[in-house]
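Numbering (my numbering), first residue to last: 237 to 701.
Reviewing the structure listed below.
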Amino acid sequence: MNDDAPRATTVAMPTLLGDAAQRSAAYLDSLGRRPVRPDPAAVLPLARLDEPLPESPTDPASVLALLDEFVSPATMATAGPRFFGFVIGGSLPAALAANWLAGAWDQNACLAKVTPGVAQVEAVALRWLVEVLGLPPRTEGAFVTGATMANFSALAAARYVVLSRAGWNVEADGLFGAPPITVIVGDEAHPTLLKSLGLLGLGRNRVVRVPTDRRGRMRADHLPPLEGPTIVCLQAGNINTGEFDPFGEICPVARAAGAWLHVDGAFGLWARAAPQLAPLADGVELADSWATDAHKWLNVPYDSGLAFVREPGALPAAMAITAEYLPAHQVERSPADFTPELSRRARGVEVWAALRSLGRSGLAELFERNCRQARRFAALLAAAGYEILNDVVLNQVLVSFGSPDTTQRVIDAIQADGTCWCGGTVWQGRKAMRISVCSWATTDADVELSAMAMLRVARCVGSRS
Ligand SMILES: Cc1ncc(COP(=O)(O)O)c(C=O)c1O
């Protein structure tokens with residue numbers, strides 16, 4: 237060993253990491269008491285971070301202190317119990333702690349031979365996921381950055397398979413001159429699904445759109461005739477209503493026609509892990525590929541998405557590469573054969589930790605509790621005379637406080653109030669506030685406190701209208 241090499245110990249790692257732990261714990265502890273939105277007075281000094289790159293080194297403890305001093309107060313409390321915007325979960329204790337440990341390991345998760353520990357943990361997590369989501373037993377999976385990349389990866393496998401059935405190798409020869417692929421999406425497809433299609437050269441607009449019903453579900457009776465290479469994209473969990481496309485009606489028809497069925501289940505696919513919710517997604521197991529997020533409802537740290545493909549070998553056909561300097565003919569599953577990236581962090585470690593710490597019953601409890609809490613929000617708001625615009629089948633609630641202007645003013649006032657945080661949307665032409673309940677940390681008391689704040693703020697806005 238070269239004694240001149242700088243060592244981690246020269247920067248007193250235990251002290252530094254202890255400091256990081258203390259600051260993080262204090263931050264998390266404060267979240268239940270501080271306003272959910274960042275304090276505007278804390279956002280202004282962020283400009284002071286925009287300094288010239290220092291000419292010389294700064295000691296790591298001061299670097300950490302700077303981050304904590306300037307950034308901690310300027311964060312949105314998404315890790316806390318009363319953030320109901322977008323579809324954002326927190327971080328389960330085991331997942332966050334595993335994230336820290338895995339950060340210390342700093343493993344490049346691309347090669348099982350080189351980083352066998354994390355490869356094994358990820359392989360086990362994938363097996364558990366396939367089981368708990370009720371996917372076909374030989375389904376293969378990949379850890380990616382989020383649902384956008386999960387859709388991209390699964391659809392890359394779809395593109396490969398439907399074209400290879402038509403005698404075309406898209407990975408080798410590209411799309412120029414390839415047989416055309418018909419891509420079918422519901423009118424309510426998430427924009428990132430269309431973005432994934434665009435990245436794959438299949439076009440954001442070059443899709444056949446199928447109308448949806450008043451709940452946001454694809455109309456099975458409007459499915460066009462399916463001929464030639466075809467990919468049908470369905471959805472588990474509409475971003476606004478939480479609704480599910482009718483898999484049981486569409487999947488058998490599409491399968492019989494030889495189409496590839498892909499499901500964007502960024503948050504809704506987790507319903508499969510909870511007995512009370514699983515029937516919502518009946519028939520989803522008939523699909524060929526699925527995308528979901530772990531950073532949403534599984535409550536692991538960002539960034540963490542999951543792609544699953546039924547047909548063994550289809551993901552590697554789209555993703556695997558070889559190079560002289562990389563190990564060949566590995567007996568073990570080689571993680572990089574399944575992902576767009578070669579090098580990546582071992583994000584599956586946090587997924588493993590979340591699953592290992594919750595177990596089957598903990599998963600069901602989390603998803604069912606959040607759905608019960610969403611229904612409680614809807615009941616309290618409806619009882620006060622406000623209109624709930626969706627059937628609360630999952631964890632999403634849409635509420636109107638009257639005119640679009642009044643609803644927007646309530647949303648602005650709720651965000652400024654700071655008790656909780658909700659965003660807005662437009663659902664079938666109606667302005668609405670979205671309440672999305674996704675966090676392990678949300679207690680029933682948080683729901684009551686937040687609903688009371690919504691009602692207080694809405695009455696105040698109403699009295700000024
Ligand atoms: C249905 C659906 N698909 C895809 C996405 C994109 O997910 P991500 O931001 O993790 O890429 C979302 C995000 O909310 C979503 O709800």
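The beta-carbon is built from N, C-alpha and C at its ideal position, and this holds for glycine as well.
Nothing here was measured: the structure is a model prediction, and the numbers come from that model.
Residue interval of the beta strand (DSSP E) (run including residue i)
{"i": "residue 377", "result": "376-380"}
{"i": "residue 544", "result": "541-545"}
{"i": "residue 506", "result": "From DSSP, residue 506 is part of no beta strand (DSSP E); its letter is neither H nor E."}
{"i": "residue 420", "result": "418-422"}
{"i": "residue 536", "result": "It is not in any beta strand (DSSP E) - residue 536 carries neither H nor E in the DSSP assignment."}
{"i": "residue 666", "result": "666-672"}
{"i": "residue 445", "result": "444-446"}
{"i": "residue 527", "result": "525-529"}
Where residue i sits in the DSSP three-state scheme
{"i": "residue 557", "result": "coil"}
{"i": "residue 412", "result": "coil"}
{"i": "residue 574", "result": "helix"}
{"i": "residue 308", "result": "helix"}
{"i": "residue 632", "result": "strand"}
{"i": "residue 349", "result": "coil"}
{"i": "residue 472", "result": "strand"}
{"i": "residue 643", "result": "helix"}
{"i": "residue 620", "result": "coil"}
{"i": "residue 321", "result": "coil"}
{"i": "residue 599", "result": "helix"}
{"i": "residue 500", "result": "strand"}
{"i": "residue 660", "result": "strand"}
{"i": "residue 483", "result": "helix"}
N-terminal and C-terminal residue of the alpha helix (DSSP H) that residue i is part of
{"i": "residue 249", "result": "249-266"}
{"i": "residue 385", "result": "383-401"}
{"i": "residue 656", "result": "No alpha helix (DSSP H) holds residue 656; DSSP gives it neither H nor E."}
{"i": "residue 428", "result": "427-435"}
{"i": "residue 699", "result": "680-700"}
{"i": "residue 338", "result": "329-341"}
{"i": "residue 279", "result": "276-279"}
Cβ-heavy atom distance, residue i to ligand 1, below 7 Å
{"i": "residue 503", "result": "yes"}
{"i": "residue 632", "result": "no"}
{"i": "residue 458", "result": "no"}
{"i": "residue 429", "result": "yes"}
{"i": "residue 471", "result": "yes"}
{"i": "residue 659", "result": "no"}
{"i": "residue 610", "result": "no"}
{"i": "residue 637", "result": "no"}
{"i": "residue 384", "result": "yes"}
{"i": "residue 423", "result": "no"}
{"i": "residue 322", "result": "yes"}
{"i": "residue 481", "result": "no"}
{"i": "residue 624", "result": "no"}
{"i": "residue 541", "result": "yes"}
{"i": "residue 275", "result": "no"}
{"i": "residue 498", "result": "no"}
{"i": "residue 286", "result": "no"}
{"i": "residue 647", "result": "no"}
{"i": "residue 475", "result": "yes"}
{"i": "residue 682", "result": "no"}
{"i": "residue 529", "result": "yes"}
Beta-carbon separation (whole angstroms), residue i vs residue j, contact threshold 8 Å
{"i": "residue 497", "j": "residue 325", "result": "In fact, because the Cβ distance is near 27 Å, the residues do not count as touching under 8 Å."}
{"i": "residue 479", "j": "residue 693", "result": "About 28 Å separates the two Cβ atoms, so there is no contact after all."}
{"i": "residue 556", "j": "residue 573", "result": "4 Å"}
{"i": "residue 455", "j": "residue 448", "result": "6 Å"}
{"i": "residue 468", "j": "residue 536", "result": "Rounded, the Cβ-Cβ distance is 29 Å, inconsistent with contact."}
{"i": "residue 682", "j": "residue 250", "result": "Not really, about 35 Å apart at Cβ, beyond 8 Å."}
{"i": "residue 517", "j": "residue 483", "result": "7 Å"}
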